[in-house]
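Number of protein chains: 2
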Amino acid sequence: MAVATASVTDICAGAKRASRELGMLGSGVKDAALRGIADALVTRAPEIIEANQLDREAAREAGLSAALLDRLTLDETRVHAMAQGARKVASLPDPVGEVIDGFRLPNGLDVRKLRVPLGVIAVVYEARPNVTIDAAALCLKSGNAVILRGSSSASHSNAVLAAVASQAAVEAGLPQGSLSLVAGGGREELAELATQNGVIDLIIPRGGEGLKAALKGVATVPVIFAASGNCHVYVDASADLAAAQEIVVNAKVQRPGVCNAAETLLVHERVAAVFLPRVLHALNDAGVVIHADQRTRDLVADLQVRHATEEDWDTEYLALEIAVRVVDSVDEAVAHINRHGSGHSEAIVTADTGAAHQFQLAVDAACVYVNASTRFTDGGEFGMGAEIGISTQKLHARGPIGLRELCTTKYLVEGTGHIRP
Amino acid sequence: MAVATASVTDICAGAKRASRELGMLGSGVKDAALRGIADALVTRAPEIIEANQLDREAAREAGLSAALLDRLTLDETRVHAMAQGARKVASLPDPVGEVIDGFRLPNGLDVRKLRVPLGVIAVVYEARPNVTIDAAALCLKSGNAVILRGSSSASHSNAVLAAVASQAAVEAGLPQGSLSLVAGGGREELAELATQNGVIDLIIPRGGEGLKAALKGVATVPVIFAASGNCHVYVDASADLAAAQEIVVNAKVQRPGVCNAAETLLVHERVAAVFLPRVLHALNDAGVVIHADQRTRDLVADLQVRHATEEDWDTEYLALEIAVRVVDSVDEAVAHINRHGSGHSEAIVTADTGAAHQFQLAVDAACVYVNASTRFTDGGEFGMGAEIGISTQKLHARGPIGLRELCTTKYLVEGTGHIRP
Numbered sequence: 001m002a003v004a005t006a007s008v009t010d011i012c013a014g015a016k017r018a019s020r021e022l023g024m025l026g027s028g029v030k031d032a033a034l035r036g037i038a039d040a041l042v043t044r045a046p047e048i049i050e051a052n053q054l055d056r057e058a059a060r061e062a063g064l065s066a067a068l069l070d071r072l073t074l075d076e077t078r079v080h081a082m083a084q085g086a087r088k089v090a091s092l093p094d095p096v097g098e099v100i101d102g103f104r105l106p107n108g109l110d111v112r113k114l115r116v117p118l119g120v121i122a123v124v125y126e127a128r129p130n131v132t133i134d135a136a137a138l139c140l141k142s143g144n145a146v147i148l149r150g151s152s153s154a155s156h157s158n159a160v161l162a163a164v165a166s167q168a169a170v171e172a173g174l175p176q177g178s179l180s181l182v183a184g185g186g187r188e189e190l191a192e193l194a195t196q197n198g199v200i201d202l203i204i205p206r207g208g209e210g211l212k213a214a215l216k217g218v219a220t221v222p223v224i225f226a227a228s229g230n231c232h233v234y235v236d237a238s239a240d241l242a243a244a245q246e247i248v249v250n251a252k253v254q255r256p257g258v259c260n261a262a263e264t265l266l267v268h269e270r271v272a273a274v275f276l277p278r279v280l281h282a283l284n285d286a287g288v289v290i291h292a293d294q295r296t297r298d299l300v301a302d303l304q305v306r307h308a309t310e311e312d313w314d315t316e317y318l319a320l321e322i323a324v325r326v327v328d329s330v331d332e333a334v335a336h337i338n339r340h341g342s343g344h345s346e347a348i349v350t351a352d353t354g355a356a357h358q359f360q361l362a363v364d365a366a367c368v369y370v371n372a373s374t375r376f377t378d379g380g381e382f383g384m385g386a387e388i389g390i391s392t393q394k395l396h397a398r399g400p401i402g403l404r405e406l407c408t409t410k411y412l413v414e415g416t417g418h419i420r421p
Numbered sequence: 422m423a424v425a426t427a428s429v430t431d432i433c434a435g436a437k438r439a440s441r442e443l444g445m446l447g448s449g450v451k452d453a454a455l456r457g458i459a460d461a462l463v464t465r466a467p468e469i470i471e472a473n474q475l476d477r478e479a480a481r482e483a484g485l486s487a488a489l490l491d492r493l494t495l496d497e498t499r500v501h502a503m504a505q506g507a508r509k510v511a512s513l514p515d516p517v518g519e520v521i522d523g524f525r526l527p528n529g530l531d532v533r534k535l536r537v538p539l540g541v542i543a544v545v546y547e548a549r550p551n552v553t554i555d556a557a558a559l560c561l562k563s564g565n566a567v568i569l570r571g572s573s574s575a576s577h578s579n580a581v582l583a584a585v586a587s588q589a590a591v592e593a594g595l596p597q598g599s600l601s602l603v604a605g606g607g608r609e610e611l612a613e614l615a616t617q618n619g620v621i622d623l624i625i626p627r628g629g630e631g632l633k634a635a636l637k638g639v640a641t642v643p644v645i646f647a648a649s650g651n652c653h654v655y656v657d658a659s660a661d662l663a664a665a666q667e668i669v670v671n672a673k674v675q676r677p678g679v680c681n682a683a684e685t686l687l688v689h690e691r692v693a694a695v696f697l698p699r700v701l702h703a704l705n706d707a708g709v710v711i712h713a714d715q716r717t718r719d720l721v722a723d724l725q726v727r728h729a730t731e732e733d734w735d736t737e738y739l740a741l742e743i744a745v746r747v748v749d750s751v752d753e754a755v756a757h758i759n760r761h762g763s764g765h766s767e768a769i770v771t772a773d774t775g776a777a778h779q780f781q782l783a784v785d786a787a788c789v790y791v792n793a794s795t796r797f798t799d800g801g802e803f804g805m806g807a808e809i810g811i812s813t814q815k816l817h818a819r820g821p822i823g824l825r826e827l828c829t830t831k832y833l834v835e836g837t838g839h840i841r842p
């Protein structure tokens with residue numbers, strides 16, 4: 001324990017020193033480093049896959065599920081995809097130095113508000129070794145030193161990935177300490193990272209609720225929690241019902257295990273009798289388990305529909321399951337969403353501009369959709385190139401966390417001997 | 422205790438309900454409410470001053486210092502100043518609905534990123550009753566419901582001010598619950614407010630270190646801590662020494678008790694022998710106590726100068742005291758500032774564009790000045806009209822916290838039946 005403890009402190013101190021230099025580098029050096037990382041990943045793929053083999057063997061012996069094993073696995077295609085991801089981040093505009101506001105004061109002082117790096121970002125994650133490279137690329141591009149702490153089940157893979165990336169980064173001109181990996185995957189290291197006030201500027205957990213809870217209990221440095229998404233689609237009285245059905249099925253079925261998938265369908269009572277039998281048969285055909293209120297159940301007596309409880313409205317199934325409810329108005333839909341939603345992505349399907357406006361104004365969420373699937377909430381889809389997660393917090397970043405969200409700001413004020421009268 | 426407990430919960434629930442409506446109101450209604458509050462303050466000034474009289478009597482009996490008594494005191498001039506403050510906030514542009522980004526995606530989806538209210542903001546403060554109106558005006562203008570919790574020593578004043586403001590706001594069309602005051606000034610109420618997750622979106626403490634520490638220990642809702650300011654002026658080798666002297670004296674003396682006042686002077690060794698005797702005599706004449714390193718002391722043997730310890734570099738005097746050190750380079754000045762500063766406001770005085778650029782790039786602070794006094798870091802000076810404090814945090818808001826900083830954002834996405842392929 002004592003050794004690991006010393007090492008987290010040393011790693012943090014090194015990252016802090018590196019961050020001072022890194023924050024001042026131009027895009028050219030940073031982009032060259034990311035491309036260098038990409039090249040090194042491709043060249044050293046065999047070594048990476050060999051290390052991954054060790055993790056997979058241990059995982060198999062430990063009896064990990066097939067799904068977890070799949071997440072853990074790196075093959076040539078996946079290593080190349082990581083390299084491609086780093087190249088894509090290199091091609092994005094540099095957020096650092098962007099002037100986001102500026103004005104001349106009445107006294108002649110010139111004020112600019114610039115985007116600058118946060119400093120040191122720690123990313124803690126679970127058994128997905130590809131996060132090592134994704135997170136590193138985003139942090140380095142935004143001028144931040146990055147400290148990675150993966151899961152112990154991916155320790156061999158992460159160690160090689162971090163070594164390959166760190167070496168390539170330094171060769172391209174980034175300071176030593178720009179990218180480092182905390183070796184231990186235990187709760188002690190997590191707690192130590194999470195209390196490095198004044199050294200670590202932000203911790204981002206990427207993982208399940210267990211990881212988030214562990215962090216919540218101990219963190220004294222700022223944390224942005226990646227979101228859970230209890231997302232809704234509301235089909236209004238005026239909706240184009242064919243489009244509505246496509247949106248509902250897409251939002252639920254296209255990739256049910258992700259946070260921007262829909263979990264509850266709300267339907268206006270005026271179209272419920274026509275729409276619900278159609279859409280619920282379509283969902284049923286796609287293998288979706290349906291939990292519905294009594295008004296819905298009365299309309300689809302020929303389908304197996306479970307009785308929705310209060311708990312269903314609050315559940316993020318992340319699976320082929322949906323909760324369904326009939327509402328009497330846009331207001332009732334909004335009230336349901338604001339009460340049960342997690343503030344992630346909410347959609348209305350409507351032809352009525354008034355209903356659309358009301359829904360956009362009243363729904364309290366990171367992303368509010370009109371006539372589109374909730375599945376578009378994604379840094380890649382939003383043109384941010386990549387994301388490190390999606391925030392449902394209201395402070396600092398709300399929605400996809402891309403390069404800009406990994407920055408803070410600084411006011412630069414220039415005078416000619418100005419003093420305050 | 423049980424009664425007070427119920428009441429904080431009720432107040433919070435009422436604020437949450439009000440915030441849903443308030444967030445959708447146009448500027449017209451909100452501005453009318455602020456002007457209504459201003460008018461009511463003027464009309465009911467005698468009642469306010471009478472209540473304040475009770476607080477002042479109790480304070481005198483409790484033996485409060487003259488400075489605290491002065492802060493507590495409301496007279497006609499100060500009540501009118503509060504009204505004027507509310508009118509000024511009414512005249513500012515509404516941050517709500519401001520489009521801060523927007524683009525059309527390749528698939529035709531239209532995305533806008535809008536500024537929207539946070540929801541419910543709690544402001545906790547000490548014995549300055551005028552904060553009641555300042556904080557209320559900023560929160561309401563930015564579409565947020567506000568919960569105020571003042572000090573028990575100003576309880577009579579705060580109760581009347583909150584009642585006057587709340588009544589005027591409701592008469593002008595704001596929902597009930599938009600503005601409320603937590604009656605008890607105890608630590609129990611503070612702890613209860615600070616743990617209203619999902620109800621209170623932000624707590625802002627305005628007060629001393631004791632209040633901040635109390636909040637830090639218990640808060641589970643987001644907090645933005647108003648800053649402490651250990652600010653520096655660095656006089657470079659190339660500085661116009663007459664301008665430098667004016668800036669140093671202004672930054673230290675003009676209002677020493679505030680967070681943007683300078684606490685340490687750093688001087689390049691090439692100008693130290695000429696500049697330090699002049700500036701330190703000027704500071705000495707202004708009554709400033711000087712703590713200096715040995716190199717400085719050797720240059721001003723005729724002055725009473727204390728020996729600066731490591732502790733002095735870290736001290737925010739908030740008084741007529743200054744720490745002074747000679748440095749060999751811009752780099753050494755930057756390193757000193759990044760090590761000892763609190764990331765608030767830092768200034769360089771220089772005629773050298775290279776030195777200015779290096780200082781701006783390398784100093785890690787909310788506001789970095791070239792050839793100007795640190796005293797300009799202020800929402801009013803920056804044209805934000807008013808501020809609720811100055812943040813030295815890096816997340817969400819860095820620098821003066823004005824109307825925009827009391828908001829979050831929301832993505833509005835509009836399609837025509839878009840689904841994700």
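Chains as they are written, first to last, in my numbering: chain A, 1 to 421; chain B, 422 to 842.
Even for Gly, the Cβ is constructed at its ideal location relative to N, Cα and C.
Using only the alpha-carbon positions, how far apart do Ala127 of chain A and Glu269 of chain A sit?
Each residue's Cα considered, the two are about 45 Å apart.
Determine the direct distance from the alpha carbon of Val96 of chain A to that of Arg112 of chain A, and round the result to whole angstroms.
Those two C-alpha atoms are separated by around 13 Å.
Decide if the segment 362-377 of chain A is in contact with the segment 829-836 of chain B; the criterion is three or more beta carbon pairs, one per stretch, under 8 Å apart.
Output reads yes: the segment 829-836 of chain B touches the segment 362-377 of chain A.
So, with DSSP's three-state summary, where would you put His817 of chain B?
It is coil, neither helix nor strand.
Three or more C-beta pairs under 8 Å: does that hold for the segment 21-31 of chain A against the segment 156-167 of chain A?
No, the segment 21-31 of chain A is not in contact with the segment 156-167 of chain A.
I need the straight-line Cα distance from Gly775 of chain B to Ala665 of chain B, nearest angstrom please.
The straight-line gap from Cα to Cα measures roughly 18 Å.
Using a C-beta to C-beta distance shorter than 7 Å, which residues of chain B count as neighbours of Ser373 of chain A?
Correct list: His839, Ile840, Arg841.
Is the segment 482-501 of chain B touching the segment 600-609 of chain B, taking contact as three or more C-beta pairs under 8 Å?
No, because fewer than three Cβ pairs between the segment 482-501 of chain B and the segment 600-609 of chain B fall closer than 8 Å, the two stretches do not touch.
Determine the chain B residues that contact Gln254 of chain A at a beta-carbon separation under 9 Å, and present them in chain order.
Neighbours of Gln254 of chain A on chain B, chain order: Ile840, Arg841, Pro842.
Below 8 Å on the Cβ atoms is my guess for Leu561 of chain B versus Leu455 of chain B; work out the distance and round it to an integer in Å.
Yes, they are in contact, since the Cβ atoms of Leu561 of chain B and Leu455 of chain B sit about 7 Å apart, within 8 Å.
Check Ala308 of chain A in the structure and name its three-state DSSP category.
Note: Ala308 of chain A maps to coil in three-state DSSP.
What separation, rounded to the nearest whole angstrom, lies between the Cα atoms of Ala434 of chain B and Val620 of chain B?
For Ala434 of chain B and Val620 of chain B, the distance between alpha carbons rounds to 7 Å.
Taking Cβ-Cβ distances shorter than 7 Å, what residues in chain A pair up with Ile668 of chain B?
In chain order: Gly417, Ile419.
Are there 16 or more other CB atoms within 10 angstroms of the CB of Glu630 of chain B, so buried, or fewer, so exposed?
So Glu630 of chain B ends up on the exposed side.
Starting from Glu321 of chain A, trace the beta strand (DSSP E) both ways and give me its first and last residue.
Per DSSP, Glu321 of chain A belongs to the beta strand (DSSP E) from 321-327.
Within the chosen definition, does the segment 639-656 of chain B reach the segment 570-580 of chain B through at least 3 CB pairs nearer than 8 Å?
Judged by Cβ distances under 8 Å, the segment 639-656 of chain B makes no contact with the segment 570-580 of chain B, as fewer than three pairs qualify.
Give a yes or no on whether the minimum CB-CB distance between Cys560 of chain B and chain A is below 7 Å.
By this cut-off, Cys560 of chain B is not an interface position.
Quick one, which residues of the segment 443-474 of chain B are near chain A if we go by CB-CB under 7 Å, in chain order?
Listed in sequence order: Met445.
Across the segment 88-102 of chain A and the segment 788-805 of chain B, are there enough close Cβ pairs to call them in contact, namely three or more that are closer than 8 Å?
Too few Cβ pairs lie closer than 8 Å, so no.
Counting only Cβ pairs nearer than 8 Å, list the residues of chain A close to Thr661 of chain B.
Thr is not the amino acid found at residue 661 of chain B; the sequence shown has Asp there. Near Asp661 of chain B (Cβ distances below 8 Å), the residues of chain A are Gly417.
Give a yes or no on whether the C-beta atoms belonging to Arg746 of chain B and Asp714 of chain B are separated by under 7 Å.
Yes.
Beta-carbon within less than 6 Å of Ala439 of chain B's beta-carbon, same chain only, minus the 5 sequence neighbours each way: which residues are those?
Taken in chain order, the residues that qualify are Ala566, Pro596, Gly598, Ser599.
Strictly by DSSP, which residues pair up with His268 of chain A?
His268 of chain A is bridged to A:Val327.
Going by DSSP, which residues form a beta bridge with Tyr546 of chain B?
B:Arg627, per the DSSP bridge assignment.
Distance, Cα to Cα, Glu311 of chain A vs Gln304 of chain A?
Spanning the two alpha carbons is a distance of roughly 19 Å.
Tell me whether Glu50 of chain A sits in a helix, a strand or coil according to DSSP, three-state version.
Residue state, collapsed to three classes: helix.
Which residue or residues does DSSP assign as beta-bridge partners of Lys831 of chain B?
According to DSSP, Lys831 of chain B bridges with B:Leu535.
So is Thr553 of chain B buried or exposed if we call it buried at 16+ other beta carbons inside 10 Å?
Flag for Thr553 of chain B reads buried.
Whether or not the segment 700-719 of chain B and the segment 740-759 of chain B are in contact is what I'm after, with contact meaning three or more pairs of Cβ atoms, one per stretch, closer than 8 Å; do they touch?
Judged by Cβ distances under 8 Å, the segment 740-759 of chain B makes contact with the segment 700-719 of chain B, as three or more pairs qualify.
At the 7 Å Cβ level, is Cys231 of chain A part of the contact set with chain B, yes or no?
No, no contact with chain B.
Thinking just about the alpha-carbon of each residue, which of A:Glu263, A:Glu50, A:Thr195 is nearest to the one in His344 of chain A?
Of the listed residues, the one whose Cα sits closest to His344 of chain A is A:Glu263.
In this structure, does DSSP put Ser601 of chain B in helix, strand or coil?
Of the three classes helix, strand and coil, the one that applies to Ser601 of chain B here is strand, per DSSP.
Nearest to Glu667 of chain B by alpha carbon, out of B:Leu701, B:Ala634, B:Leu636?
Closest by alpha carbon: B:Leu701.
Expressed to the nearest angstrom, what Euclidean distance is found between the alpha-carbon atoms of Ala722 of chain B and Arg420 of chain A?
Their Cα atoms are separated by approximately 31 Å.
Which first and last residues belong to the alpha helix (DSSP H) in which Leu161 of chain A is found?
Residues 155-171.
Measure the alpha-carbon distance for Ser794 of chain B versus Leu530 of chain B and round it to whole angstroms.
Looking at the two C-alpha atoms, the distance is approximately 47 Å.
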